[in-house]
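Asker:
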Amino acid sequence: MGLAALIASVLAYLYFGLRLAWTDARTHLLPNRLMFPWAKWAVALLIVAGLAHGAPDRVFGALAGGVVLFGAYLLLHLVQRNGMGMGDVKLAFVLGLYLGFVSWWHVLWGTLLAFVLGSLFALGGMIAGKMGRKSAIPFGPFMIVGALVALTIGR
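Taking my numbering, I'd label the letters of the sequence shown as residues 985 to 1139.
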């Protein structure tokens, strides 16, 4: 049952992550109709996976990772209202669940990669003359890809 829950959580990541990345890239929105179901599925599946494998520490890590990333992104949202949107804040919770399930290093690297990828995209846009310092970028795709890279290549 634990392996099935883990596989289902990965499939949920791919399904919701791809849909949200695509939607955010086109509309600059991360809709609740996708975010909330993903959050519910991620919490449920990661809890089952952790407990079925006899690893309650992973469940704690997932929940702590979600809360910590949610808080960090909420702080960024409150400090710079035109920076992070609330969709990014909610997405940070879900990604923090996955990253925290593995380790705190994954939380750190997934977050760092998101900011590096987003910065490189913005820099490329500025060099190409298509963006300015105040241009809005959809950050969700970079968060999703950064977390996915950390989850797949991190130890």
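Think of the CB as a built atom: it goes at the ideal place given N, C-alpha and C, for glycine as much as any other residue. Keep in mind that this is a model prediction, so the values were computed, not measured.
Among PRO1125, LEU1132, GLY1130 and PHE1105, whose alpha-carbon lies nearest the alpha-carbon of SER1119?
Answerer: When only C-alpha atoms are compared, the closest one is PHE1105.
Asker: Would you please state the rounded distance, in angstroms, between the beta carbons of GLY1001 and LEU1132? I believe it to be under 8 angstroms.
Answerer: Indeed they touch by this definition, with Cβ atoms about 7 angstroms apart.
Asker: What's the gap between the Cα of ALA1033 and the Cα of ALA988?
Answerer: C-alpha separation (whole angstroms): 8 angstroms.
Asker: Of the residues GLY1124, LEU1107 and ARG1042, which one's Cα is nearest the Cα of HIS1090?
Answerer: Ranking the options by Cα distance to HIS1090, first place goes to ARG1042.
Asker: What's the C-alpha gap between HIS1037 and LEU1083?
Answerer: Answer to the nearest angstrom: the Cα atoms are 17 angstroms apart.
Asker: Sort ALA1023, MET985 and THR1011 by Cα distance to ALA962 and report the nearest one.
Answerer: Nothing in the structure corresponds to residue 962, since the chain is present only between 985 and 1139.
Asker: Do you know offhand how far GLY1050's Cα is from LEU1079's?
Answerer: Taking the straight line joining both Cα atoms gives about 7 angstroms.
Asker: Looking only at its chain, what residues have a beta carbon closer than 7 angstroms to the beta carbon of ILE1121, apart from the 5 residues adjacent to it on each side?
Answerer: GLY1102, PHE1105 and ALA1106, listed in sequence order.
Asker: In chain order, what residues of the same chain lie with their CB nearer than 6 angstroms to the CB of MET1019, ignoring the 5 residues before and after it?
Answerer: Correct list, in chain order: LYS1074.
Asker: Do ALA1046 and PHE1085 have their CB atoms nearer than 8 angstroms?
Answerer: Taking 8 angstroms as the Cβ cut-off, ALA1046 and PHE1085 qualify as a contacting pair.
Asker: For TRP1088, is the classification buried or exposed, using 16 other Cβ atoms within 10 angstroms of its Cβ as the cut-off for buried?
Answerer: When all chains shown are included, TRP1088 counts as exposed.
Asker: So, THR1095 versus LEU1053, is the Cβ gap smaller than 8 angstroms?
Answerer: It is a contact, given that the beta carbons lie within the stated cut-off.
Asker: Cβ of ALA996 within 8 angstroms of Cβ of LEU1081?
Answerer: No.
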